[in-house]
Amino acid sequence: MQYYKVLLVDDEVDVRQAIARTLDWESLGFQLSGEASNGEEALELSEQLQPDVILTDIKMPFMDGLTFCRRVKAVLPSVRVAVFSGFDEFEYAKEAIKLEVQEYILKPINAEELAGVFRRLRVSLDEEIARKQDLQSLRHYYEESLPLMQQQLLMSLLEGHADIAALPRRLEEFHLDFDADRYCVAVVRTMEKNPTNDTTLLMYSLQQTISEMLPLPCRPLHTPEAIVLLLMPPAEMDMKALTTALNRLFLPARKILGLALSIGVGHPCEALPDVARSYREAWAALEYQILVDADQCVYLGDIEPDSGSSEYIDSSYTEDILRQIKVGSREDLEATVKRLLHYLKSMHLSLQQHHIFLLDISTGFLGLIRAYKLDAREAGLEAMLTETSAFQSRNLDEMGRRLLEYCENLRRLIRRERKNTTRLIVDKACAYLLEHYPENDLSSDGVCTVLNLRPAYFSTIFKRETGLNFVAFLTKLRMEKALEYLDTTSLKTYEIADKVGYADANYFSYVFKKHYGVSPSKYRTDRMTTHETGQAAGVGS
Numbered sequence: 000m001q002y003y004k005v006l007l008v009d010d011e012v013d014v015r016q017a018i019a020r021t022l023d024w025e026s027l028g029f030q031l032s033g034e035a036s037n038g039e040e041a042l043e044l045s046e047q048l049q050p051d052v053i054l055t056d057i058k059m060p061f062m063d064g065l066t067f068c069r070r071v072k073a074v075l076p077s078v079r080v081a082v083f084s085g086f087d088e089f090e091y092a093k094e095a096i097k098l099e100v101q102e103y104i105l106k107p108i109n110a111e112e113l114a115g116v117f118r119r120l121r122v123s124l125d126e127e128i129a130r131k132q133d134l135q136s137l138r139h140y141y142e143e144s145l146p147l148m149q150q151q152l153l154m155s156l157l158e159g160h161a162d163i164a165a166l167p168r169r170l171e172e173f174h175l176d177f178d179a180d181r182y183c184v185a186v187v188r189t190m191e192k193n194p195t196n197d198t199t200l201l202m203y204s205l206q207q208t209i210s211e212m213l214p215l216p217c218r219p220l221h222t223p224e225a226i227v228l229l230l231m232p233p234a235e236m237d238m239k240a241l242t243t244a245l246n247r248l249f250l251p252a253r254k255i256l257g258l259a260l261s262i263g264v265g266h267p268c269e270a271l272p273d274v275a276r277s278y279r280e281a282w283a284a285l286e287y288q289i290l291v292d293a294d295q296c297v298y299l300g301d302i303e304p305d306s307g308s309s310e311y312i313d314s315s316y317t318e319d320i321l322r323q324i325k326v327g328s329r330e331d332l333e334a335t336v337k338r339l340l341h342y343l344k345s346m347h348l349s350l351q352q353h354h355i356f357l358l359d360i361s362t363g364f365l366g367l368i369r370a371y372k373l374d375a376r377e378a379g380l381e382a383m384l385t386e387t388s389a390f391q392s393r394n395l396d397e398m399g400r401r402l403l404e405y406c407e408n409l410r411r412l413i414r415r416e417r418k419n420t421t422r423l424i425v426d427k428a429c430a431y432l433l434e435h436y437p438e439n440d441l442s443s444d445g446v447c448t449v450l451n452l453r454p455a456y457f458s459t460i461f462k463r464e465t466g467l468n469f470v471a472f473l474t475k476l477r478m479e480k481a482l483e484y485l486d487t488t489s490l491k492t493y494e495i496a497d498k499v500g501y502a503d504a505n506y507f508s509y510v511f512k513k514h515y516g517v518s519p520s521k522y523r524t525d526r527m528t529t530h531e532t533g534q535a536a537g538v539g540s
């Protein structure tokens, strides 16, 4: 027999010994596994022993019992705690309740009272183990308890394969009572793209509790794809009340079981054989899940558009998004996507209209990718058109988040491409200047003609990339070349002027002096004097 472990905490040795001797621990289903004289020591022992029950005094040195309870609950949230104290004070009891202390005992401790405490704790622990084993019992319930013939008959009815003439007799044979004023079918499906075995078991758990959660007669059926609910709403319950009741399934499914659901509902019918039509409609309703808010079931009667609804969608929203991708700020792009979502929600589009819109905007994205010669894979085009698409979403809000992520990525790539393109243009311009700077008629317009650029655009990107305007850059280049001629040749000033693109030697000398602070002839004279002085110093040394 496996015993539950107990940790005893009290700063008085004689009290611990008295408690240890008072009970027949094993007959109660427990084992005294450890003792501690204060809260600090008990906290360390708790982590080592992992006890099921902690019996502790309130008044102790270093760390009082309630502080210890608070800290040990953070480490072992499922541990049962019983506190005892010689202080019969209401505030202690109230604080103990806040800390989820199971038992509060006053000293002196009575043996029978203490035994009763541990009997109650054992019941609580046994119940917890039973709850932890519940998943296994659910599996057994599904495999052994569900009447397979009932499931087959009802699914054949929903799928339209049942023998309608023999249906009343078959229902009676299988002890199925479906005498109701109305019938309606709902399909509950998990939104996981790749459900696991655990997901399937959790869906069984949801199926088991659905009847208890819904305020109307219901027969849940489990299929490999979904849970099918054969509902029998009372005459006074309209479809708004029914869908409101179904919406209550979303929160516990997500919070307790970790399941994201989609729920489709077909039209109600008065005859049981007509549930096949409601079943088909429930599946059709699921296709509209993206058009409704999260945690909202889809009733086909609400989501289908009126016969007079417009077949046209305002394309200006798509154009605005494409414009913001190309030239807008991130904030403007985000605001534009929000306006689009508000528009889509207000329009109550049919599924066909929604698909047309998505085709329109994805075509616009493709045009941008081609126009800017982007890598389609890096731009995410392939992902956008597959199951990982921004548009394969649970609802419009999620679609909006993914759409914004895609637009921001496209915007970033376009700006990077523009930067690379302008750098290439400026590099070509600089290379052209390096080759043609001796030409005295060289101009910005001439370079623009060669590179096939607009002068205003060229002037802007040239200044941004080089830090100088065109004239300043060309002058700097010519002056550097003139300096090389002065340093390495004996050419005359007018000859150097001609070689670096100046037809007027006087104007060349003026620009040179303005650039270097001395005239070309003075620069050469100073340089020769410095060179000769250096040689003379070398000879005399």
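Counting along the sequence shown from 1, when you hit position 502 you're at 501 in numbering that gives the first Met the number 0, and nothing is skipped either side.
Using N, Cα and C, we set each Cβ at its ideal position, and we do this for glycine too.
To which residues of the same chain is residue i closer than 8 Å at the C-beta, ignoring the five residues directly before and after it?
i, result
"Ile-18", "Leu-7, Asp-9, Leu-54, Ile-108 and Leu-113"
"Leu-42", "Met-62, Phe-67, Arg-70, Val-71 and Val-74"
"Cys-268", "Arg-181, Tyr-182, Cys-183, Val-274, Arg-276 and Ser-277"
"Pro-76", "none"
Using a threshold of 9 Å, state whether the C-beta atoms of residue i and residue j are closer than that.
i, j, result
"Glu-407", "Leu-332", "yes"
"Leu-402", "Val-336", "yes"
"Glu-40", "Val-74", "no"
"Leu-153", "Leu-44", "no"
"Gly-64", "Asp-51", "no"
"Gly-399", "Leu-339", "yes"
"Leu-271", "Leu-260", "no"
"Asn-258", "Leu-213", "Strictly speaking, residue 258 in this sequence is Leu, with Asn absent from that position. It is not a contact, given that the beta carbons lie outside the stated cut-off."
"Leu-120", "Arg-79", "yes"
"Thr-492", "Pro-519", "yes"
"Glu-543", "Ala-252", "Since the displayed the chain opens at 0 and closes at 540, residue 543 lies outside it and no answer follows."
"Glu-363", "Glu-404", "Position check: residue 363 holds Gly in this sequence, whereas Glu was assumed. Their beta carbons are not under 9 Å apart, which means Gly-363 does not touch Glu-404 by this criterion."
"Met-148", "Phe-117", "no"
"Val-446", "Phe-469", "yes"
"Ser-26", "Met-59", "no"
"Leu-412", "Glu-434", "no"
"Pro-232", "Leu-215", "yes"
"Glu-102", "Ala-129", "no"
"Phe-457", "Cys-429", "no"
"Asp-359", "Ser-314", "yes"
"Ala-419", "Ala-502", "Residue identity check: residue 419 is Asn in the sequence provided, not Ala. Taking 9 Å as the Cβ cut-off, Asn-419 and Ala-502 do not qualify as a contacting pair."
"Trp-24", "Val-12", "no"
On the DSSP bridge list, what partners appear for residue i?
i, result
"Glu-34", "Leu-7"
"Ile-226", "Val-187 and His-221"
"Glu-286", "The partner list for Glu-286 (beta bridge, DSSP) is empty, contrary to what the question assumes."
"Glu-102", "Ala-81"
"Val-52", "Val-5 and Arg-79"
"Ile-262", "Val-187"
"Tyr-298", "Val-264"
"Phe-29", "Tyr-3"
For residue i, which residues from the same chain have a beta carbon less than 6 Å from its beta carbon, with the 5 sequence-adjacent residues on both sides left out?
i, result
"Gln-323", "Asp-331, Leu-332 and Thr-335"
"Gln-16", "none"
"Ile-495", "Ala-481 and Tyr-484"
"Tyr-141", "A caution first: Tyr-141 carries a pLDDT of 46, below 50, which makes its placement in the model unreliable, though a value can still be read off. Counting only Cβ-Cβ distances below 6 Å, and skipping sequence neighbours, we find Tyr-203."
"Cys-217", "Ser-210, Leu-228 and Leu-230"
"Arg-523", "Leu-485"
"Glu-514", "Per the sequence shown, the amino acid found at residue 514 is His instead of Glu. If we look at His-514 and ignore the five residues flanking it on each side, its Cβ neighbours are Met-478."
"Glu-191", "Thr-198"
"Asn-505", "none"
Might you give, ordered along the chain, the residues of its own chain that have their beta carbon closer than 7 Å to the beta carbon of residue i, omitting 5 neighbours on each side?
i, result
"Gly-28", "Tyr-2, Tyr-3 and Arg-121"
"Thr-557", "What is shown of the chain runs 0 to 540, which leaves residue 557 out entirely."
"Ala-225", "Val-186, Val-187 and Arg-188"
"Pro-437", "Lys-498, Val-499 and Gly-500"
"Lys-344", "Leu-395"
"Arg-169", "Leu-152"
Which complete alpha helix (DSSP H) runs does the region 307 to 378 hold, if anything under 4 residues is left out? Within the region 307 to 378, the complete alpha helix (DSSP H) runs of at least 4 residues are 315 to 326, 329 to 346, 350 to 370 and 375 to 378.
Please give me, in chain order, every unbroken run of the beta strand (DSSP E) with length at least 3 that falls completely inside the region 156 to 192. Runs of the beta strand (DSSP E) inside the region 156 to 192: 183 to 189.
Report yes or no: do three or more beta-carbon pairs, one from the region 250 to 268 and one from the region 177 to 190, lie closer than 8 Å? yes
Decide yes or no for the touch test of the region 273 to 286 against the region 294 to 301: beta carbon pairs closer than 8 Å, at least 3 of them. Flag = yes, the region 273 to 286 and the region 294 to 301 touch.
Closer than 8 Å is the cut-off here; do at least three beta carbon pairs connect the region 232 to 241 with the region 113 to 133? no
Contact between the region 455 to 474 and the region 419 to 437 is defined here as three or more beta-carbon pairs at a separation below 8 Å; is this criterion met? yes
Quick one: any contact between the region 158 to 168 and the region 244 to 261, if contact means 3 or more CB pairs under 8 Å? no
Which full runs of the alpha helix (DSSP H) of 4+ residues lie inside the region 406 to 469, going along the chain? 443 to 450 and 454 to 465
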